[in-house]
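Quick note: the sequence shown uses the numbering used here, first residue 1, plus one each step. Let me begin by presenting the structure, written as structure tokens, before commenting on it.
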Amino acid sequence: MKVRIHQIIEESPRVKRFFLEPVSSSFDAFLPGQFVVLENEKWEYPNRNRSYSIASVMQSSTELELCIALNENGVFTPWLFNLQVGDTLGCSQPQGNFTIKSDDISLSLPHVFVATGTGIAPFLSMIHEVLKKSNNEIYLVYGNRVESDILYRKYFEEIVVNSNRFKFIPVLSRQSLPSISTGYVHSQYKSILKSLGDARIYVCGWKEMCKEARNELKALGFNRRQYFFEQYD
Ligand SMILES: Cc1cc2nc3c(=O)[nH]c(=O)nc-3n(C[C@H](O)[C@H](O)[C@H](O)COP(=O)(O)OP(=O)(O)OC[C@H]3O[C@@H](n4cnc5c(N)ncnc54)[C@H](O)[C@@H]3O)c2cc1C
């Protein structure tokens with residue numbers, strides 16, 4: 001389908017939030033955690049398209065939000081970052097299996113979400129869903145380099161104020177601040193998981209982080225029915 005950009009918010013020098021509306025048809029309902037594939041219809045494969053997690057919290061047939069980081073040396077994002085409000089591009093319907101496991105046992109357990117950078121995108125709607133469906137604790141461990149890279153911070157801090165079941169744990173690898181943990185996501189979720197025992201774990205981000213998390217989770221004794229990955233690469 002063809003979509004039109006109707007709003008762009010510059011979150012940081014390297015990250016933009018794109019709000020897309022269908023030109024003629026409408027978006028199908030998405031499951032929290034799914035992604036769409038954007039397309040430059042004038043280009044050939046493999047450069048022609050790239051996948052992006054849906055960052056919208058609420059369902060809408062007329063709007064989808066995406067949160068995208070610029071890769072200056074990449075193919076697709078330099079083109080995307082030059083587009084303006086009103087420009088059109090190709091977009092698939094929502095797809096993907098990185099979604100909340102909503103069987104009774106899973107929903108009775110604590111949930112641990114681990115993201116770095118724009119890997120936070122699918123967690124906006126996934127955490128919203130788990131807050132509605134489960135009564136157990138929800139942890140979000142979110143890694144970035146510096147404080148100004150933390151995306152959707154206000155949104156998550158508001159959930160903390162409104163729900164004592166939600167714990168927001170930002171982590172910075174390149175900045176030391178009294179109020180935020182320093183280091184990488186791995187040590188944070190490991191200590192949480194050691195205290196929890198069983199849990200459902202969702203991890204989203206770039207290849208290296210996912211690879212390390214997979215090894216750490218296996219070493220802690222978790223298996224593939226307990227953890228789920230969306231790997232960007
Ligand atoms: C299911 C799925 C969902 C995705 N959702 C998002 C999303 O919500 N937001 C988003 O920004 N991207 C997301 N991506 C990544 C996206 O599809 C592109 O790969 C990304 O935008 C880079 O495209 P490019 O053509 O500019 O770079 P390319 O020319 O394709 O170069 C990509 C290579 O550069 C490296 N790279 C690129 N960007 C980064 C980065 N920020 N950090 C570390 N390494 C990087 C990777 O190793 C990758 O192999 C998702 C990927 C998948 C598979």
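Backbone N, C-alpha and C define an ideal beta-carbon position, used for all residues, glycine too.
- Listed by position along the chain, the residues with Cβ atoms less than 5 Å from a non-hydrogen atom of ligand 1 are Phe35, Arg50, Ser51, Tyr52, Ser53, Ile68, Ala69, Asn71, Gly74, Val75, Phe76, Thr77, Thr118, Ala121, Trp206, Tyr232 and Asp233.
- Only residues of its own chain outside the window of five on either side were considered, and among them Ile201 and Leu217 have a CB closer than 6 Å to the CB of Tyr227, listed in chain order.
- Ser92 and Val36 do touch by the CB rule: their CB atoms are close to 5 Å apart, below 8 Å.
- According to the DSSP secondary-structure assignment, Ser51 is paired through a beta bridge with Val37.
- Ser179 carries a coil assignment under DSSP once its states are collapsed to helix, strand and coil.
- Between Ser53 and Glu208, the CB-CB gap reaches or exceeds 8 Å.
- Rounded to the nearest angstrom, the gap between the Cα atoms of Pro110 and Asn97 is 20 Å.
- In the displayed model, Tyr227 falls within a strand according to three-state DSSP.
- Spanning the alpha carbons of Asp149 and Asn82 requires a straight line of approximately 21 Å.
- Secondary structure at Ser148: helix, using DSSP grouped into helix, strand and coil.
- A Cβ-Cβ separation of about 5 Å places Val141 in contact with Gln188 under the 8 Å criterion.
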